[in-house]
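Read through the structure below, which is laid out as structure tokens, and then see the notes.
Residue numbers (the numbering used here), protein chains in the order written: chain A, 211 to 459; chain B, 211 to 459.
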């Protein structure tokens, strides 16, 4: 049984806030357990780390200005998106599809104006979301003695399908990919190609437990302890598909 | 709070079986509710509908034979995949990436040997998964008085990311896409591009509740009643992205 519940009562988070302590406080009297998965919408992590940009301080270059005209966007906003990108794959219909410095492919490099907390401030993706997850896990262990898995998420669009799903952009202590290859199905037949993106499925499950307009960036998932490891592990790197091996585009 | 639990004790399902009755029986004494979402791995639906092919009766044509040689696969298996496909996008590394007649893009058109129940039998996707979902819902209403939403799923690979996630291939009584555009975030700022693929997130959440080797094709999801509708609705069609509008490939 998988149980996902949003954490109520988390205050508006600001740069330098001790996010782990705020979560522990919001959860009380409920206590974190070692086999929990704590799922955090990246924005709350970015805000606590100061991964934001004030539009007023951004001076767009020629490329940003040109793209902004093409897309009908604010050139300073486009400049921030470009700063967060390793490559731009598309610039159409008011959106830039970017490869971020982390290697994620998403709209506008994950740079977002909504929920930023301050007007004219953009929230970026955390610089190192796996590192953010590891740091939060260490701090939670320090505060509570328990070390739940940490999963940092964002909502990404997908190829072939409409709508967005929450997916994993960082994690610690979590089996991000569960490999069933070589194991057998119920009839004893070998499962040939079954590798499950458990971290992405957990991100999706957590997203259902909260409302986009209710300010619930943290979701506690119980019953997924088989995906939690004592070691922090490799984070989300195993979830990034090498371009040369991608048959799905 | 979202709660997903696998339905235990479902027997091996065969063509012509009353799947709805088997589920009601397996759930007892637990009763289905109108705000439940019942998630079914497509194989159990396909099997109950006889959507299987015996390899012995398949005669591969020239194209299937050629592709099979290229991929190192059984030509009869390839023929079945081609029969299920509207188009083949890739044929590499032992896999055909196909567009099914329904419009889904997936490996081997969803044709699968594992868990088929009989040796040398392939399980296909249901011919009309939305129709399957509607029929199951009607039959459950008949049997129990309750009409939970029905979601039929399969595990698909994705562009850009490794591993598979369960996604929606058919549904009835479910809001497949939740559109937040025009609504406001916690700061009163308009959410610009937030359309959430709730059906896919529910499919992913349900997949976490079962084990691939435990024969648990049915998962009951509670707490997602806000996505359940009295009308059967348009099924998964809204989840299929028009090729001309797809910036994510």
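In this text, a Cβ means the ideal position worked out from N, Cα and C, and glycines have one as well. Computed from a predicted model, the values in this text were never measured in an experiment.
Listed by position along chain A, the residues whose Cβ is nearer than 8 Å to that of residue 411 (chain B) are 375, 376, 414, 415, 417, 418. The CB of residue 219 (chain B) never comes closer than 8 Å to any CB in chain A; the least such distance is about 13 Å.
Per DSSP, the beta-bridge partners of residue 380 (chain B) are B:362.
Non-local C-beta neighbours of residue 441 (chain B) in its own chain, meaning closer than 8 Å and more than five positions away in sequence, comprise 383, ordered along the chain.
In the three-state DSSP reduction, residue 421 (chain B) falls in the coil class, being neither helix nor strand.
Nearest CB-CB separation between residue 212 (chain A) and chain B: below the 8 Å threshold. With distances taken between CA atoms, residue 343 (chain A) lies nearest to A:229 out of A:225, A:212, A:229. Shown here for residue 260 (chain A): same chain residues with a beta carbon closer than 8 Å to its own, the five before and five after excluded, namely 225, 226 in chain order. Chain-ordered, the chain B residues with CB closer than 7 Å to the CB of residue 307 (chain A) read 457, 458. With a contact defined as Cβ atoms closer than 8 Å, residue 264 (chain A) and residue 330 (chain A) qualify at about 6 Å. Per DSSP, the continuous alpha helix (DSSP H) segment holding residue 256 (chain A) begins and ends at 252-259.
Put simply, the CB of residue 380 (chain A) is far from chain B, with every gap to its CB atoms at 8 Å or more. Near chain A, meaning a CB-to-CB distance below 7 Å, no residue of the segment 344-360 of chain B qualifies. Judged by DSSP secondary structure, residue 307 (chain A) falls within the beta strand (DSSP E) whose first and last residues are 305-310. At a cut-off of 8 Å between beta carbons, residue 339 (chain B) makes no contact with chain A. Nearest CB-CB separation between residue 310 (chain B) and chain A: not below the 8 Å threshold. The way I'd put it, the segment 402-414 of chain A does touch the segment 412-419 of chain B; three or more beta-carbon pairs between them come closer than 8 Å. Contact between residue 254 (chain B) and residue 428 (chain B) holds, with the beta-carbon distance rounding to 7 Å and staying under 8 Å.
For residue 213 (chain A), the enclosing beta strand (DSSP E) begins and ends at 212-216. Following the DSSP letters along the chain, one finds residue 223 (chain B) in no alpha helix (DSSP H), marked with neither H nor E. Contact between the segment 233-250 of chain A and the segment 442-451 of chain A is absent: fewer than three C-beta pairs spanning the two stretches fall below 8 Å.
Shown here, residue 367 (chain B) sits in a strand according to DSSP, grouped into three states. Proximity of chain B to residue 405 (chain A) at the Cβ level (cut-off 8 Å) is accounted for by 372, 373, 374, in chain order. Against residue 367 (chain A), the close residues of chain B are 458, in the order they occur along the chain (beta-carbon pairs closer than 7 Å). Between residue 303 (chain B) and residue 283 (chain B), the alpha-carbon positions lie close to 10 Å from each other.
Against chain A, a Cβ distance below 7 Å from residue 336 (chain B) picks out nothing, because the smallest value is about 18 Å. Counting the other Cβ atoms within 10 Å of the Cβ of residue 373 (chain B) gives 16 or more, which makes it buried.
For chain A, the residues of the segment 431-445 of chain B that bring a beta carbon within less than 7 Å of one of its beta carbons are 434, in chain order. Going by beta carbons, residue 323 (chain A) and residue 438 (chain A) fall outside the 8 Å limit. Under DSSP, residue 295 (chain A) shares a beta bridge with A:310. Per DSSP, the unbroken alpha helix (DSSP H) holding residue 354 (chain A) starts and ends at 339-354. With respect to the 8 Å criterion, residue 306 (chain B) and residue 332 (chain B) are not classified as neighbours on the basis of their beta carbons. From the listed residues B:406, B:221, B:418, the smallest Cα separation to residue 408 (chain A) is found for B:418. Within the segment 257-279 of chain B, no residue has its Cβ closer than 7 Å to any Cβ of chain A.
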